[in-house]
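Residue numbering for the sequence shown follows this note's numbering, starting at 156 and increasing by one per position.
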Amino acid sequence: MDDTVDLAGAWVLHPADRQGGAEFPVGGVPMTLPGDGHTALVEAGLLPEPYEARNEYAARWPAERDWIVSRRVELEAADRDLVVEGLDTVAEIRVNGVRVLNAANAFRTHRADLSAAARHGTNEIEIAFRSPLAAAAERAAAQPFPIPWHQGNCPLPHGNMLRKPQCDFGWDWNIALTPFGVTGGIWLEPRRAGRIAAVAVEQRHEGGTVYVTVRMRGGVEGAAVQATLCGQHAEAEVAGGGATLCLAIPDPELWWPNGLGPQALHELHVTCGTETATRRIGLRDVRLVSEADAIGRSFVVRVNGHDTFCRGANWIPADALAGRIDRDAVRDLLRSAADANMNMIRVWGGGRYEPDWFYDICDELGLMVWQDFMFACHLYPADDAFLAEVRDEAEEVALRLSHHPSVVLWCGDNELIGALGWFPESVADRDRYLVCYDRLNRAVEAGLRAALPDANWWPSSPSPGPLAFGDAWHDDTSGDMHFWSVWHEGRDFDHYRDVAPRFCSEFGFQSYPSMEVIRRFAAPKDRNIAAPVMESHQKNAGGNARIAETMFRYFRFPNAFEGFVWLSQIQQGLAIRTAVTQWRSLKPRCMGTLYWQLNDTWPCASWSSLDHGGGWKLLHHMARDFFAPVAVLPVPAGDAIRLVGVNDTRASVDIAVRARALSMDGGLRALGEGGGAVGPDAAADLLTLDAGALAADEVLLFDWDGPDPGRDLHAPRPWKAYDLPEARPAFTATRDGEGWRLEVEVSAPSFFLTAEADLPGRWDRAAVLALPGPAEIFYFTPRDPAAEPRFTLRDLHGATYPEDPA
C-alpha cells in the first residue's frame, strides 16, 4: 500500500529499567522484528544457546523480567495507524512517550491510532513487554476460584491465563522458555476512512455451479464495491458497515486434496473506492459428515462429493522460538508431508494460528487443514472479559483464513473435555468446571459463526460429538478419537488392532532424533540414553524407559548408542504402521488417521516423523508407503493373515497380489495369489492366508501389481525371535548430479536396510528389505550440493548382533 512504512528489521532490546550492568550493555542489544527476545539475547552473547546440552535451564530467566524494544522512525505526517501482528503477549506500545496501545493476545492483529502521539520528523516507538510469568500469575490470582493448568506438560505455570502459545510454557515435547516478541508483521499505514477491514469467503456448490459469497467489512456508506473471480463480476453498495456480493461460477475448475486431483487456484479481487483486496482461493465443496448410524456417530470429510480418507499428521509450531521460523524451512516440512502421501495436517490447539503464507503453501500442496482453536489440555477462565476476547479472537482468525481452500474443518480445542477429569479441583466439582468449559466452547463457536455461518465445526478433539462430554480416548464408536494406550499405558503394538475408530486424530509412539541432530546438542560423552543431556531432551516422563522397555519386547537389544537411536526409529515406524494399516483396512467405518506428530520445535526425543531441521526419520519413509493412496496392507485376524487392498482414489482399481514365505537364509516359498477390483475410496480383501503356513524362521513377503505396484513384509513374531543372518551390506557411492547414488549389495536378507550420511540431506528411501541379487539403489541429496558426505549402512542384524571377533 502507498505510504506504508514497514517497521520490520532492526530494533534495540533493553531491560525495562533501561539499566545496564555487568550482564547487559547500557545501550541495549540489537533485536530483529519479527523475532523473539531469546534469539536476540543468544545472538548478543548474553544467553547460552538453549537447544544445546542442558542450557535450557540457564536460558529461562528472560521470561522473569520486563523488557522494552525500541526504534526511531522518520514520518512526514502524524495521521498514521500502527499495525502489529502477533504481539506476544502482554505489552504496551508508546510513541514519543504516549501510550497508544495495551495488548494481551498474541493471536490477534492490533491496530493503534497514532494521530495524538506521532509528529512530523523523528519519532520514538517503544514496545514494553511485561514478564509473561508475572502477568500470568497476576491473572491466576485474580480468578474467583482455581483454574488449574497441566503441570505434567508445563513446568512454567499459569499459561492458561494468557492468550499465548500454550506450549511456550513447556510441553511433553517442547522446551520451556516462554519467549516474548513479535511473530508477524509490524508497520505504519495512513489513517483512512472506509478501508477494507476484512473479506470473508464462503461457497455453495449446486448442479455444476459454485456460488461464492463475499462479505466485505469496512468501506464508506454508499460506496460502490466490486468483486471479480474467474471472469465473473458482481457489484454492491456499502451499507451497515459492509457489503455482500455473490458470484456464480459455472463449470468451475475445482481444488482437490493431494492425490485426488489438481490444486486449482483463482484470484478474487474486491475493490472499494481506491483500495483493492486480493485473495487466492480454491473452489471446492467440503462437508463434515457426522451423523448417527448403527455404530454410533460417523466422522467423514466429504470433498467435492467424494468421501475422503484423511491421511496425515499433527502440526506443532515449526520452532520453539518464533524468531527462528523460516518460510522456506516450513515449506520444506509441508512438502515432506505431501511427499509422504499425506492429504491432511491438524494444526494443534496448543501452538499458534499460522501466518497466511503457511496456508498458501497448504493450498498449493493440497494439504487439507484441520484447524484447532488455540486451547489445549488445561482448564480456562470463563469470566466475561476472557470470553469476549476469545470470541473476538475466533472471529478474527476465521475471517483471515476463510478464503483458503485447505482449511476444511474448525475445531474448538484440544483435549479440554478430558482435562475435566485430570485435576483434583474439577474432579471434586465437575459441574462448575463443565459449565465453564461449555461457556468457553460456545464463545469460540459464536466467534466462528459470526465470520463464517456455514463453516464445518467440531466442538473439541477428541469428541463423540456436539454436547457429548464422554471419554473419546477409549470409545471408538463416535466422532474422533485420541488413542494413547499403546504409548502412555505401555501396551503392545497389537493393541492398535483392538479398537476401530471412526477417525483417529491422535496416536503416536516416540523415537530419538537422528544422529545428525543429536550431534548438534550432545557431545560424545553425553551420547547415552541415561546421560543428563539426553534426559533433558526427553520431556515426556518415563519416555526413555518406555522406548527401552519396548525394545526388549520386540528386538534384541542394540549393541551401541547409534544402533539404539536407529532402532528406536524402526520401532516407532512399526508401531504407527500397525495402527494405520489396521485402521485403513476398516474403511468406511474409519475415515482418517492423523498420527502424532509431524515435526519438532527443537531437537529432542519425541513422536515426530520429521527431525528438527526437516530431516526424514525412518517413520516418515515408512509413512510414504503405508499412506500410499493405493496399497496392500497385512491385517492379522486370529489364525489368518488378510491381505487387504485399499484405494483412496476416485476410480476403481484392479490389484493382483502374490504372497511368499521368506526364510532367514533367503529361501522363498510360494503361499498363494489373489486379487480383484477395489472400488473408489474402499477397502477389499484380496487374499487370506493361514498364519500357520509360515514356519518359525519365515516371514511373509508379498508384492502387488496395479496402478501403484509395491512390496511389503509382515513378521508374525517379534523380531528378536528370528535368528537373523549377517547380510554384510556393502556399497559403491558415485556422484549423481547434485546428489549421490549408492548401490548396495547383500549376501543374505537384510531387514530395514538404511543408508546414513554424516551431513544434512535427504534420502529417497530407507528401512527397506534387501535380498541377494540385484543391487538396491539409494539416492542422497545433501543440503550442500558441494558436500562430500561419509556414508554408513545399518540393518537389523548389524544393530543388534555383536560383531564376530573372527
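By construction, the Cβ of each residue, glycine as well, lies at the ideal position given by its N, Cα and C atoms. None of the values given here were measured: they were computed from a predicted structure.
Cβ shell of residue i (< 6 Å), same chain only, five flanking positions each side left out
i	result
residue 691	209
residue 403	364 and 366
residue 895	888 and 935
residue 164	none
residue 800	787, 810, 833, 839 and 841
Beta-carbon spacing of residue i, residue j below 8 Å
i	j	result
residue 356	residue 365	no
residue 195	residue 237	no
residue 531	residue 321	yes
residue 813	residue 828	yes
residue 964	residue 673	Here the chain comprises residues numbered 156 to 961, so residue 964 is not present and cannot be evaluated.
residue 551	residue 843	no
residue 425	residue 375	no
residue 143	residue 839	This structure cannot speak to residue 143, because the chain is shown only from 156 to 961.
residue 521	residue 413	yes
residue 795	residue 845	yes
residue 860	residue 787	no
residue 754	residue 470	yes
residue 500	residue 467	yes
residue 561	residue 494	no
residue 666	residue 724	yes
Selection from the options that minimises the alpha carbon distance to residue i
i	options	result
residue 750	671, 863, 839 and 651	651
residue 246	417, 224 and 411	224
residue 327	758, 317, 632 and 883	758
residue 398	422, 349, 435 and 464	349
residue 603	672, 554, 861 and 424	554
residue 947	886, 937 and 930	886
residue 293	316, 303 and 337	316
residue 563	456, 538 and 796	456
residue 278	162, 307, 919 and 681	162
residue 903	880, 589, 609 and 923	880
residue 250	262, 270 and 260	270
residue 892	899, 254 and 941	941
residue 261	506, 490 and 216	506
residue 900	926, 214, 675 and 575	926
residue 910	232, 939, 874 and 951	951
residue 386	406, 372, 723 and 377	406
residue 970	569, 228 and 648	Residue 970 lies beyond the residue range present for the chain, which begins at 156 and ends at 961; the question has no answer from this structure.
residue 439	465, 411, 401 and 756	411
residue 445	918, 747, 848 and 771	747
residue 166	287, 515 and 337	337
residue 914	186, 204 and 938	938
residue 793	342, 847, 441 and 816	847
residue 688	185, 778, 274 and 212	212
7 Å CB neighbourhood of residue i in its chain, flanking five on each side removed
i	result
residue 120	Lying before the first or after the last residue shown, residue 120 is absent from the chain, which here runs from 156 to 961.
residue 301	580
residue 953	none
residue 614	567, 596 and 621
residue 347	none
residue 170	179, 220 and 222
residue 797	790, 840 and 843
residue 339	189, 240, 241 and 510
Per DSSP, the bridge partner or partners of residue i
i	result
residue 181	In the DSSP output, where bridge partners are listed per residue, residue 181 has none listed.
residue 886	899
residue 358	367
residue 891	894
residue 802	785 and 837
residue 432	425
residue 569	531 and 616
residue 949	909
residue 318	260
Test: residue i CB closer than 8 Å to a CB of chain C
i	result
residue 504	No chain C is present in this structure, which holds just one protein chain.
Nonlocal neighbours in the same chain, by C-beta distance under 8 Å from residue i, ignoring five residues either side
i	result
residue 877	819, 852, 854 and 870
Practice prompt. Could you tell me whether the region 692-706 touches the region 778-792, where touching means 3 or more Cβ pairs closer than 8 Å?
Written response: no
Worksheet item: Any chance the region 593-606 sits against the region 637-649, with 3 or more Cβ pairs inside 8 Å?
Response: Per the Cβ contact rule, the region 593-606 is not in contact with the region 637-649 (fewer than 3 Cβ pairs under 8 Å).
Discussion item. Contact between the region 442-461 and the region 655-673 is defined here as three or more beta-carbon pairs at a separation below 8 Å; is this criterion met?
Written reply: yes
Item to complete: Flag this pair as touching only if the region 471-481 and the region 185-203 have three or more C-beta atom pairs under 8 Å; answer yes or no.
Response: yes
Worksheet item: Taking contact to mean at least 3 C-beta pairs separated by less than 8 Å, is the region 215-231 in contact with the region 269-287?
Response: yes
Discussion item. Counting beta carbon pairs with one atom in the region 537-552 and one in the region 570-584, are three or more of them shorter than 8 Å?
Written reply: They do not touch, by the three-pair rule.
Worksheet item: Taking contact to mean at least 3 C-beta pairs separated by less than 8 Å, is the region 664-673 in contact with the region 766-782?
Response: yes
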